[in-house]
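These notes concern the structure reproduced below.
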Amino acid sequence: MVSFLYLKTKAEACGIRPKEADQFFASSRTCSSCGHKKGDLKLSERTYHCSACGISIDRDVNAAINLRNVAVGHTET
């Protein structure tokens, strides 16, 4: 597995400034559309359903969008 330090070093060598998300950021449990946080999400639940805005999205895609938003500064961790 590649460490964050390795990726950070490679990114900085290419002129990219990486941002690390807080390890407790609930990327899978937070709606990427409206920001609503779901209380509990079982690993067996592969689709994220938001009770606030009604979006249904693959759990991993939802988490990836949330992490991208952290990277570009749209979300605080």
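Using the working numbering, the first residue of the sequence shown is number -13, and each one after it goes up by one. Backbone N, C-alpha and C fix where the C-beta goes; we use that ideal spot for every residue, glycine too. Here the structure is a predicted model, which means the values were calculated and not measured.
Anticipated Cβ contact below 8 Å, residue i with residue j, distance rounded
i     : j     : result
HIS22 : ALA12 : Not a contact, Cβ separation roughly 11 Å.
ARG45 : GLU31 : 7 Å
ALA57 : LYS5  : 5 Å
Three-way DSSP call (helix, strand, coil) for residue i in this model
i     : result
ILE51 : helix
LYS23 : strand
ASP8  : coil
LYS28 : coil
ALA38 : coil
VAL56 : helix
Whole-angstrom distance between residue j and residue i, CA atom to CA atom
i       : j       : result
THR33   : LYS(-6) : 31 Å
GLY25   : CYS36   : 11 Å
GLY121  : CYS20   : Residue coverage of the chain in this structure runs from -13 to 63, which leaves residue 121 outside it and unanswerable.
ALA(-1) : PHE10   : 28 Å
Cβ-based neighbour list, residue i, same chain, cut-off 6 Å, excluding 5 preceding and 5 following
i     : result
SER18 : ASN48, ILE51, ASN52
Beta-bridge partners of residue i, as assigned by DSSP
i     : result
ASP44 : THR33
THR16 : LYS23
Cut-off 8 Å between Cβ atoms - residues of its own chain near residue i, not counting five sequence neighbours on either side
i     : result
LEU27 : SER14, ARG15, TYR34, ARG45
7 Å CB neighbourhood of residue i in its chain, flanking five on each side removed
i        : result
PHE(-10) : GLU6
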